[in-house]
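Chemist: Structure below; questions to follow.
Residue numbers (my numbering): 3 to 224.
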């Protein structure tokens, strides 16, 4: 397995990896508004995974749903490397990764460019006073709404009960439409939603092996 420096170099050379830094956040990414036309070269729906880590969910969704495009976002290039390398090796042309801070995410996409958002096992920021850093607070939601289509979906998976309940309240207060939620996904998932447990992130595997309950909710933009 390559070291961090080699992974960082690889990510910079992979054609499916992109970067948006502090200096470009106001200008925006060069593909902003044109991901379908210029990178994916189709008009299929675009699904975004925020805080994608190693990209397991992005890759799993892309394998299972070839008629959609998937973009994983994470600040760490060494994390993104795993998913990006798999996409290259498997010739998954419906996958891309962006290395950037979620704070800069609105510089990556134009209005109505994204059809779905997945937030999978983010840092719950449990410390008192850290609510503003949670990826489901109103500040982050206002950023997502700038590029999520009307009716666009937001999925959340987490093991942290306090963060989950905070997110339910945050989504509801923001005016999003609730479709379904559970605090015990693996014992509560209906047969029609089996895809929710067929793909596991690195952290999800750790949590489920310890017997921890996985929480999930689905909301949509009004």
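Idealized CB from N, CA, C, for every residue including glycine.
Might you give, ordered along the chain, the residues of its own chain that have their beta carbon closer than 7 Å to the beta carbon of residue 199, omitting 5 neighbours on each side?
Modeler: Sequence index remark: in the chain shown, residue 199 carries index 197 (1-based). So the qualifying residues of the chain are 187, 188, 191.
Chemist: What residues match up with residue 31 in a beta bridge as DSSP calls it?
Modeler: Residue mapping note: residue 31 aligns to position 29 of the chain shown, counting from 1. For residue 31, which the question treats as bridged, DSSP gives no partner whatsoever.
Chemist: Using DSSP's beta-bridge definition, name the partner residues of residue 52.
Modeler: For this step, residue 52 is matched to residue 50 along the chain shown. 75, 121, per the DSSP bridge assignment.
Chemist: Quick check on residue 116: does DSSP put it in helix, strand or coil?
Modeler: Counting from one through the chain shown, the residue named residue 116 turns up at place 114. Residue state, collapsed to three classes: strand.
Chemist: Check this for me: beta carbons of residue 76 and residue 55, under 7 Å apart or not?
Modeler: Position 74 of the chain shown, counted from the first residue, corresponds to residue 76. Position 53 of the chain shown, counted from the first residue, corresponds to residue 55. Yes, these two residues count as a Cβ contact at 7 Å.
Chemist: How is the beta strand (DSSP E) around residue 156 delimited, first residue to last?
Modeler: Numbered from 1 along the chain shown, position 154 holds the residue referred to as residue 156. Residue 156 -> beta strand (DSSP E) spans 150-160.
Chemist: Distance check for residue 215 and residue 161, CA to CA, integer angstroms please.
Modeler: Translated into the one-based positions of the chain shown, residue 161 becomes position 159. Translated into the one-based positions of the chain shown, residue 215 becomes position 213. Each residue's alpha carbon lies about 6 Å from the other.
Chemist: How should residue 124 be labelled, buried or exposed, when 16 other C-beta atoms within 10 angstroms of its C-beta is the threshold for buried?
Modeler: Walking along the chain shown from the start, residue 124 turns up at place 122. Buried: at least 16 other Cβ atoms inside 10 Å.
Chemist: If you run the structure through DSSP and keep just helix, strand and coil, what is residue 101?
Modeler: What you label residue 101 is simply residue 99 of the chain shown in a count that begins at 1. Residue 101: strand per DSSP, three-state reduction.
Chemist: Do three or more CB pairs link the stretch 124-134 to the stretch 7-27 at distances below 8 Å?
Modeler: Touching, no, given that fewer than three Cβ pairs across the two stretches are closer than 8 Å.
Chemist: For residue 130, which of helix, strand or coil comes out of DSSP?
Modeler: As a working note, residue 130 is residue 128 in the chain shown. Residue 130 falls in the coil class under three-state DSSP.
Chemist: Taking the Cβ atom as the reference point for each residue, do residue 152 and residue 223 lie within a distance shorter than 7 Å?
Modeler: For the purposes of this step, residue 152 is taken as the residue at position 150 of the chain shown. For the purposes of this step, residue 223 is taken as the residue at position 221 of the chain shown. Taking 7 Å as the Cβ cut-off, residue 152 and residue 223 qualify as a contacting pair.
Chemist: Could you check the C-alpha separation between residue 107 and residue 166 for me, to the nearest Å?
Modeler: On the chain shown, position 105 is the one that residue 107 refers to. On the chain shown, position 164 is the one that residue 166 refers to. Cα to Cα, residue 107 sits roughly 22 Å from residue 166.
Chemist: So for residue 67, helix, strand or coil by DSSP?
Modeler: Looking up residue 67 in the chain shown gives position 65. Residue 67 falls in the coil class under three-state DSSP.
Chemist: Out of curiosity, what's the CA-to-CA distance linking residue 59 and residue 205?
Modeler: The sequence position of residue 59 within the chain shown is 57, counting from 1. The sequence position of residue 205 within the chain shown is 203, counting from 1. Distance between the alpha carbons of residue 59 and residue 205 is about 11 Å.
Chemist: Name the DSSP bridge partner or partners of residue 196?
Modeler: Sequence index remark: in the chain shown, residue 196 carries index 194 (1-based). Note: residue 196 sits in no beta bridge, so no partner.
Chemist: Between 170, 71, 221, 66, which lies nearest to residue 39 when the distance is taken from Cα to Cα?
Modeler: For the purposes of this step, residue 39 is taken as residue 37 along the chain shown, with counting starting at 1. Measuring from the Cα of residue 39, the nearest candidate turns out to be 71.
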